[in-house]
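Participant: Structure incoming, see below.
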Amino acid sequence: MIQRVKIAPSILSADFSKLGKEISDLDKTNCDYIHIDVMDGHFVPNLTIGPDVIKSIRHFTKKKFDVHLMIDPVKKYIPEFANAGSDIITIHQEINENVMDTILLIKKLNKKVGISIKPKTSAKLLEKYLDHIDLILVMTVEPGFGGQSFMHNQLQKISTIKEMIGNRQVELEVDGGINLDTGREAINAGANVLVSGSTIFNSKKYKNIIDDLRKL
Ligand code: DX5
Ligand code: ZN
3 MIQRVKIAPS
13 ILSADFSKLG
23 KEISDLDKTN
33 CDYIHIDVMD
43 GHFVPNLTIG
53 PDVIKSIRHF
63 TKKKFDVHLM
73 IDPVKKYIPE
83 FANAGSDIIT
93 IHQEINENVM
103 DTILLIKKLN
113 KKVGISIKPK
123 TSAKLLEKYL
133 DHIDLILVMT
143 VEPGFGGQSF
153 MHNQLQKIST
163 IKEMIGNRQV
173 ELEVDGGINL
183 DTGREAINAG
193 ANVLVSGSTI
203 FNSKKYKNII
213 DDLRKL
């Protein structure tokens with residue numbers, strides 16, 4: 003069977019006092035990416051981690067680091083995030099800087115590039131980037147915190163974006179409130195990558211819940 007669903011555990015819900023061990027534990031699972039939420043207390047109302055932390059956890063796994071940058075300004079920090087060991091670097095459409103310039107900089111540094119939209123942002127605004135990106139990240143909660151409820155009114159947007167992508171090699175990732183039920187809904191709407199923080203880290207056995215999510 004061809005695997006359709008990729009899983010990206012969000013370490014925002016990990017135990018930060020033993021982050022290396024948490025990454026090693028994820029390394030032993032069948033997860034595809036490790037999702038890292040970077041927040042600046044300005045673009046979103048929370049502060050998390052920066053490139054030095056990413057660098058320090060890099061050697062615990064060979065899994066791809068899927069770095070979600072909820073920061074504005076962002077462009078001047080891209081080289082640092084690239085050097086820290088990011089594999090996919092996702093920026094937000096809503097930033098005040100030039101999005102296309104930032105996309106081109108990420109590509110120049112040989113990293114995969116993603117673009118994310120908040121729940122109130124229209125899918126239409128992504129059209130002009132479609133031929134330049136590797137991934138679209140649809141937020142199904144207001145970005146800032148883990149453990150929020152999935153916004154069902156975003157499902158239509160996921161389907162619209164799936165159609166917009168057409169036969170391009172662009173992944174469609176969903177982030178916020180994903181569990182076994184909402185994960186199934188997101189997949190049915192066209193997503194192929196599920197980010198999940200609290201559902202995975204609240205489980206006793208990361209491997210089992212990740213396998214269950216992958217089977218959706
Ligand atoms: C929210 C972050 C998410 C968050 C998801 O701003 O982008 O990645 O960690 O957490 P859950 O899965 O608990 O909603
Ligand atoms: Zn995220």
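No gaps in the numbering here: position 110 of the sequence shown is 112 in our numbering, and each next residue is one more.
Yeah, the Cβ is synthetic: ideal placement off N, Cα and C, and Gly gets one too.
Computed from a prediction, not measured in an experiment: that's the story for all the values here.
I need the straight-line Cα distance from residue 127 to residue 205, nearest angstrom please.
Facilitator: The sequence position of residue 127 within the sequence shown is 125, counting from 1. The sequence position of residue 205 within the sequence shown is 203, counting from 1. So the alpha carbons of these two residues sit roughly 37 Å apart.
Participant: Using C-beta distances below 8 Å, list every residue in its chain close to residue 135, excluding the 5 sequence neighbours before and after it, in chain order.
Facilitator: Counting from one through the sequence shown, the residue named residue 135 turns up at place 133. 105, 115, 116, 117, 172.
Participant: Alpha carbon to alpha carbon, how far is residue 107 from residue 43? Give it in angstroms, no decimals.
Facilitator: Position 41 of the sequence shown, counting from 1, holds the residue named residue 43. Position 105 of the sequence shown, counting from 1, holds the residue named residue 107. Answer to the nearest angstrom: the Cα atoms are 24 Å apart.
Participant: Ignoring anything shorter than 3 residues, give me the beta strand (DSSP E) runs that lie fully in the segment 164–215, in order along the chain.
Facilitator: 173–177, 195–198
Participant: Would you say residue 70 and residue 39 are within 9 Å of each other, going by their C-beta atoms?
Facilitator: Residue mapping note: residue 70 aligns to position 68 of the sequence shown, counting from 1. Residue mapping note: residue 39 aligns to position 37 of the sequence shown, counting from 1. Taking 9 Å as the Cβ cut-off, residue 70 and residue 39 qualify as a contacting pair.
Participant: With a threshold of 7 Å on Cβ separation, who are the neighbours of residue 87 within its own chain once the five nearest residues in sequence on each side are excluded?
Facilitator: The residue you call residue 87 lines up with position 85 of the sequence shown. Hits under 7 Å: 56, 57, 60, 67.
Participant: Identify the continuous alpha helix (DSSP H) that holds residue 41 and give its terminal residues.
Facilitator: Position 39 of the sequence shown, counted from the first residue, corresponds to residue 41. It is not in any alpha helix (DSSP H) - residue 41 instead sits in the beta strand (DSSP E) that spans 35–41.
Participant: Give every residue of the same chain whose Cβ lies closer than 6 Å to the Cβ of residue 82, excluding the five residues on either side of it in the sequence, and list them in chain order.
Facilitator: Numbered from 1 along the sequence shown, position 80 holds the residue referred to as residue 82. Listed in chain order, the non-local C-beta contacts of residue 82 below 6 Å within the same chain comprise 53, local neighbours out to five positions each way being set aside.
Participant: Answer with buried or exposed for residue 152, where buried requires no fewer than 16 other C-beta atoms within 10 angstroms of its C-beta.
Facilitator: Residue numbering aside, residue 152 sits at position 150 when the sequence shown is read from its first letter. Result: buried.
Participant: I'd like to know whether the C-beta atoms of residue 179 and residue 218 end up nearer to each other than 9 Å.
Facilitator: Counted from its first residue, the sequence shown places residue 179 at position 177. Counted from its first residue, the sequence shown places residue 218 at position 216. No, the pair does not count as a contact, with Cβ atoms beyond the cut-off.
Participant: Pick helix, strand or coil for residue 88, following the three-state DSSP scheme.
Facilitator: Looking up residue 88 in the sequence shown gives position 86. In the three-state reduction of the DSSP assignment, residue 88 falls in the coil class, being assigned neither a helical nor a strand state.
Participant: Answer with buried or exposed for residue 24, where buried requires no fewer than 16 other C-beta atoms within 10 angstroms of its C-beta.
Facilitator: Counting from 1 along the sequence shown, the entry for residue 24 is found at position 22. That one is buried.
Participant: Indicate the three-state DSSP secondary structure (helix, strand or coil) for residue 75 in the structure shown.
Facilitator: Stepping through the sequence shown from its first residue, residue 75 is reached at position 73. Three-state result, residue 75: coil.
Participant: Start and end of the beta strand (DSSP E) containing residue 137?
Facilitator: Here residue 137 is taken as the residue at index 135 of the sequence shown, counted from 1. 137–141 is the span of the beta strand (DSSP E), which, as asked, contains residue 137.
Participant: Using a threshold of 9 Å, state whether the C-beta atoms of residue 12 and residue 214 are closer than that.
Facilitator: For this step, residue 12 is matched to residue 10 along the sequence shown. For this step, residue 214 is matched to residue 212 along the sequence shown. No. Outside cutoff.
Participant: Look up residue 70 in the DSSP assignment and give the residues it is bridged to.
Facilitator: For the purposes of this step, residue 70 is taken as the residue at position 68 of the sequence shown. DSSP lists 39, 92 as partners of residue 70.
Participant: Specify the secondary structure class of residue 258 as computed by DSSP and reduced to three states.
Facilitator: What is shown of the chain runs 3 to 218, which leaves residue 258 out entirely.
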